[in-house]
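Chains as they are written, first to last, in my numbering: chain A, 1 to 280; chain B, 281 to 575. Glycine is no exception: its CB is placed at the ideal position from the N, C-alpha and C atoms. Computed from a prediction, not measured in an experiment: that's the story for all the values here.
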């Protein structure tokens, strides 16, 4: 992750750069203290990067995002990722015990960089159990780890909880690739629970309401009729994408304007990759 | 009026307290590490409670618009379990370096045993080496003697007086603490230690310089609104607003803002200060936003 180090060093005055060199050489308790002190030594400002930096990162760890990274997070990720491979997971587990929220966020963002994914997978699962929204978001959003390493039930719990805590689903990598029948059933149940309680349905829920051989047509029809334009957009997009002519017929009959917008490409899902462009 | 409660054990308080504190003008709190009302049996309990001070409790306070900072330390009572005390002193270095930690504390004497003195000295040396302020708990029994002994040890170890809050003072100790140049903290308990009226009299007599007040509210009978109530009483009794601001806001900020963790901008410009809070845009909760109900 030389690129991460270069981007970080570009922010630092000489004294902080000298400290960084020492920190990355340190071992044991001294390295752990450097991990804790990172915000005070290198600052919490956003890391500056260009599109080509993101391309370099992607070529090493596909899906790893520079978006939203701060200098202290970058340093903490480097402190873990530059350890010998066999030392990475034990260090992450040790630092996790007693981590404050920002440290935990940095550890979760570093997970895709670590060699032994199976050993650190429980940390991603713990982050997703958290009620600290930034920590949940760091694991669920713009992070390639869940798509690559989570089995189905863990994946579905993450998506459902993202709806509960109000984390945008389009920021989850692999959201469309990992659609599955069990998730369709869960989100439709959730929509029905919300309707029964007279409460709004989160618009993005409909993006998960289709899978191979699964199409809750009646529920999508109700979503399409929502007063919330954003929700109707999402139901329309799901109907348009469904592998069933009945869905497209329904969309064309009930909402020809949205059907036309989708055909013209002016209405489309937001893609996670859009954050690969700087300054989003 | 913006107020700081520089000594409150929020972990033992309810969300109603946080709401009332924010409504009464408290913008920031400092929570010293403390005992749990009963002794902990192993170092893991300390790790978890220290982690909570910089983790969950900090987040919880932020949900009510209050900035939360803490002090790390081994308290006097639990210093008497010497084997466990050694283990706790071993983990202190990595916790003291964490974000949100403004001082070492509360440390000092309870029964004034040799074991307490040993832990006190080790932690004073840590604070001195790391250039961190110290919050000293003065004992409930033999208060004057314990206060003098604490200050003697601090002086012997070469600690700068302006880096120390001598806490839980009374009319009996205020003069010796001020004379020696330390910050002089007063804890406003509803029925014991200092009452609000007595506190007003102290400020009338000694002025506002280096005087700090706090609630030390915890799981016992205590009042998380002690600072705002006393601030208002001082105004009613004719103490100048300027002096009240000094005692209830500027002094705690000066005494505990040394390492830059607690900064006025944290509450005056909450959104500009932390770029990371922009991460994932609208999904990140801030204190001033509505809570998200789960289920």
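Counting only Cβ-Cβ distances below 7 Å, residue 62 of chain A has no contacts in chain B at all, with the closest Cβ about 20 Å away.
Following the DSSP letters along the chain, one finds residue 463 of chain B inside the beta strand (DSSP E) bounded by residues 463-467. Identification of residues in the stretch 318-332 of chain B having a C-beta nearer than 7 Å to some C-beta of chain A yields 327, 330, 331, given in sequence order. Residues of chain A whose Cβ lies closer than 7 Å to the Cβ of residue 334 of chain B are, in chain order, 100. Residue 349 of chain B is bridged by DSSP to B:310.
Shown here, residue 230 of chain A sits in a helix according to DSSP, grouped into three states. Under the three-state reduction of DSSP output, residue 430 of chain B falls in the helix class. In the pairwise beta carbon analysis, the stretch 529-536 of chain B is classified as not touching the stretch 392-410 of chain B: fewer than three pairs are separated by under 8 Å. In chain order, 29, 33 make up the part of chain A whose C-beta sits under 8 Å from the C-beta of residue 373 of chain B. In the three-state DSSP reduction, residue 446 of chain B falls in the strand class (E or B).
At a cut-off of 9 Å, the C-beta of residue 367 of chain B has no neighbouring C-beta in chain A.
Among the CB atoms of chain B, one or more fall inside 9 Å of the CB of residue 40 of chain A. Scanning the stretch 96-162 of chain A from its first residue to its last, the whole alpha helix (DSSP H) runs of 4-plus residues come out as 101-110, 117-129, 133-140, 145-149.
Contact check for residue 88 of chain A and residue 116 of chain A: beta-carbon distance about 7 Å, within the 8 Å limit, so the pair qualifies. In the structure shown, residue 68 of chain A adopts coil according to DSSP, grouped into three states. Under the 10 Å beta carbon count, residue 77 of chain A is surrounded by 16 or more other beta carbons and is classified as buried.
According to the DSSP secondary-structure assignment, residue 388 of chain B is paired through a beta bridge with B:417. Here residue 155 of chain A is buried, its C-beta having at least 16 other C-beta atoms within 10 Å. In terms of Cβ geometry, residue 488 of chain B and residue 439 of chain B do not form a close pair [threshold 9 Å]. For the stretch 337-350 of chain B, residues whose beta-carbon sits nearer than 9 Å to a beta-carbon of chain A comprise 338, 339. Contact annotation: residue 20 of chain A and residue 3 of chain A have beta-carbon atoms that are not nearer than 9 Å. For residue 105 of chain A and residue 111 of chain A, the gap between their C-alpha atoms comes out near 10 Å. In the DSSP assignment, residue 548 of chain B falls within the unbroken alpha helix (DSSP H) covering 545-548. When secondary structure is reduced to three states using DSSP, residue 341 of chain B falls in the helix class. At a cut-off of 9 Å between C-beta atoms, residue 132 of chain A counts as an interface residue with respect to chain B.
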